[in-house]
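Okay, so the sequence shown: first residue is 36 according to our numbering, each after it adds one.
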Amino acid sequence: MEHRPNKRVERKSSRTNTRNVQPHAHDSYRHDRKTKHAIVCDECGVVFHGGRWYWGAPPLGDEEGGLCPACARIRDGYPAGSIELKDVPDTLRDEVLRMIRNVEDQEKDEHPLERLMEVEERDGMLVATTTGTHLPRCIAGALRRRFHDGVAIRYPDGEGLVRVMWEA
Ligand SMILES: [Zn+2]
36 MEHRPNKRVE RKSSRTNTRN VQPHAHDSYR HDRKTKHAIV CDECGVVFHG
86 GRWYWGAPPL GDEEGGLCPA CARIRDGYPA GSIELKDVPD TLRDEVLRMI
136 RNVEDQEKDE HPLERLMEVE ERDGMLVATT TGTHLPRCIA GALRRRFHDG
186 VAIRYPDGEG LVRVMWEA
């Protein structure tokens, strides 16, 4: 673990490219690597062992460094999912932003690769990009529970993209 390349520098420079990148689920970020060693992410410390990623201590024995898929996506500015919120009423904006963060907090505990990347204003919409395809759906579910029929929710590609429109 002595050799830790400075990934943060790369991350800063690649972040400017995030804007027009389409979310992608099927790609090389999946970790199907067979290894008898545990992998501990250099960036966030999440552990890969026994075919899954989890928060905690690696088993005793050799471990390898590397980047988990979530940190790799963040470094590359390459989201797996996104949720687009249209016509969010000004009065609800802060609450909605808080909800997005809270859902991430809960989700990431159990599913370490489901994380928020950026939350930003884009073309008059509030857009949150994510490292996993599941988190946008969780956020949509929380919005549905809170606002019921006040929001229309669409899944245009059946994958990681979710669109939420506030009904006037
Ligand atoms: Zn990581």
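Just so it is clear, CB atoms sit at the ideal spot from N, CA and C, and this is done for glycine as well.
Beta-carbon separation (whole angstroms), Met17 vs Glu119, contact threshold 8 Å | Residue 17 lies beyond the stretch modelled for the chain, which goes from 36 to 203, so this question has no answer here.
Val131 by DSSP, collapsed to three states: which one?
-> Translated into the one-based positions of the sequence shown, residue 131 becomes position 96. In this structure, Val131 counts as helix in the three-state DSSP scheme.
What separation, rounded to the nearest whole angstrom, lies between the Cα atoms of Asp144 and Lys121?
-> Within the sequence shown, numbered from 1, the residue matching residue 144 stands at position 109. Within the sequence shown, numbered from 1, the residue matching residue 121 stands at position 86. Straight-line Cα distance between these residues: approximately 28 Å.
Contacts around Pro191, its chain only, beta-carbon distance under 7 Å, and the 5 residues preceding and following it disregarded | Along the sequence shown, read from residue 1 onward, the residue named residue 191 stands at position 156. Arg198.
Compute the distance between the beta-carbons of Thr168 and Pro104, then report whether it is under 9 Å.
-> Start at 1 with the first residue of the sequence shown, and residue 168 comes out as number 133. Start at 1 with the first residue of the sequence shown, and residue 104 comes out as number 69. The answer is no: Cβ separation not under 9 Å.
Arg189 versus Gly91 - alpha carbon distance | In the sequence shown, residue 189 corresponds to position 154, counting from 1. In the sequence shown, residue 91 corresponds to position 56, counting from 1. Their backbone Cα atoms lie some 36 Å apart in a straight line.
Coarse secondary structure for Ala73, derived from DSSP in three states | Along the sequence shown, one-based indexing puts residue 73 at 38. The answer is strand: DSSP assigns Ala73 an E or B state.
First and last residue of the uninterrupted alpha helix (DSSP H) at Arg108 = Here residue 108 is taken as the residue at index 73 of the sequence shown, counted from 1. Taken as a continuous stretch (DSSP letters only), the alpha helix (DSSP H) holding Arg108 covers 104 to 111.
Of all the beta strand (DSSP E) runs that stay within the bounds of the segment 141 to 174, which reach a length of 3 or more residues?
-> Runs of the beta strand (DSSP E) inside the segment 141 to 174: 151 to 157, 160 to 165.
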